[in-house]
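In terms of our numbering, the numbers along the sequence shown are unbroken and rise by one, the last being 188.
Beta carbons are placed, not taken as given, at the ideal position from N, Cα and C, and that holds for glycine.
Just so we're clear, the structure is a prediction, and the values are computed from it rather than from any experiment.
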Amino acid sequence: MNSENNPIRVVLDTNVLVSAFSSGGVPAKSLQVALSPICELVISDFILEELERVLIIKLNHGQSLVNEFLLELQEGSTVVNPKEFLSVIKEKVSDNRILEVAVASDAMFLVTGDKKHILPLSKVGHTQIIPPKIFIQIIEEL
């Protein structure tokens, strides 16, 4: 399970990626771990587009720096674009797009800081939903 031949598949919610880029700390460590050989980071076009929109439009980061970050993400991850749609979260429909990536990729973990909509689910399909700090602890214990 933890060899390079069979890495741990993980989806990082957009909020974790935004925090990793903007403020570092635990989210940045989560990204670093997700990009390590023990893991396979899974993203989607939706996650990349949402990340770009939030970083540039909402947080006013420069286009070239954001493009560099997005390129690094794409090069270090597997892009999965789900074919099936979920409607588990009614209050914030866009969060379902994140759940769909986790289910479509059969990820072991979905790492999120969303305490309101996503973390309370604790699981979607076979995917455990956990906060960044717990993800780091689990991987470091392997």
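(request) Indicate the three-state DSSP secondary structure (helix, strand or coil) for N126 in the structure shown. (result) Residue identity differs from the one stated: residue 126 is Val in this sequence, not Asn. Look at V126 here: in three-state DSSP terms it is coil, with no helix or strand label.
(request) Following the continuous alpha helix (DSSP H) through V72, name the residue where it begins and the one where it ends. (result) Where V72 is concerned, the enclosing alpha helix (DSSP H) stretches over G71 to A80.
(request) Report buried or exposed for V57, applying the criterion of at least 16 other Cβ atoms within 10 angstroms of its Cβ. (result) Buried, because 16 or more other Cβ atoms sit within 10 Å of the Cβ of V57.
(message) Within 8 Å, do at least three Cβ pairs link the region 175-188 to the region 116-133?
(response) For the pair of segments examined, the region 116-133 was found not to touch the region 175-188: the number of CB pairs separated by less than 8 Å stays below three.
(message) Only counting the same chain, and skipping five residues up and downstream in sequence, which positions put a Cβ closer than 7 Å to that of S133?
(response) Excluding sequence neighbours, S133 sits near N142.
(message) So for K179, helix, strand or coil by DSSP?
(response) In this structure, K179 counts as helix in the three-state DSSP scheme.
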